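Asker: Residue numbers (the working numbering): 235 to 350.
1. Is the CB-CB distance between residue 306 and residue 292 below 8 Å?
2. Can you check the stretch 235-298 for any alpha helix (DSSP H) of at least 4 residues that lies completely inside it and give the ranges in chain order?
3. Can you give the beta carbon distance from residue 317 to residue 285, rounded, assuming they're within the 8 Å contact cut?
4. Let me know the secondary structure DSSP gives residue 307 once reduced to three states.
5. Is the stretch 312-328 touching the stretch 269-283 in the sense that three or more CB pairs, one from each, lie closer than 8 Å?
6. In the DSSP assignment, find the unbroken alpha helix (DSSP H) run with residue 344 in it and report its ends.
This is the structure:
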């Protein structure tokens with residue numbers, strides 16, 4: 235029942251209507267939820283284009299604070315990790331794309347810090 239605290243109201247209403255919710259059998263409830271969403275059993279799936287979009291969105295924004303850098307990293311990392319793990323891109327491609335998402339000024343500042 236606690237899982238309903240983590241979803242929006244429409245999803246909460248749908249999930250609470252399942253008979254498996256009333257029986258409080260977590261395994262059956264989980265199976266029912268997965269059955270309701272085609273492809274959910276396959277987990278997240280990403281494309282190179284998904285990662286490229288993250289990079290392009292961030293190169294247009296001046297990452298000027300540590301918080302903005304962390305936000306970029308948090309959006310980039312799950313997609314890039316999945317693509318590398320599933321052999322869609324190499325680690326070198328991942329690193330190159332991450333770097334491309336940073337403005338040249340930020341790239342220079344990072345390079346300077348690494349030299350210290």
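All C-beta atoms, glycine included, are put in the ideal place defined by N, C-alpha and C.
As the structure is a prediction and not an experimental result, all values here were calculated from the model.
Answerer: Answer, in terms of the structure:
1. Taking 8 Å as the Cβ cut-off, residue 306 and residue 292 qualify as a contacting pair.
2. If we require 4 residues or more, the alpha helix (DSSP H) runs fully inside the stretch 235-298 come out as 243-250, 253-256, 260-270, 282-293.
3. About 6 Å separates the two Cβ atoms, so the contact holds.
4. Secondary structure of residue 307 (DSSP, three-state): helix.
5. Enough Cβ pairs lie closer than 8 Å, so yes.
6. Counting along the chain, residue 344 sits inside the alpha helix (DSSP H) bounded by residues 338-349.
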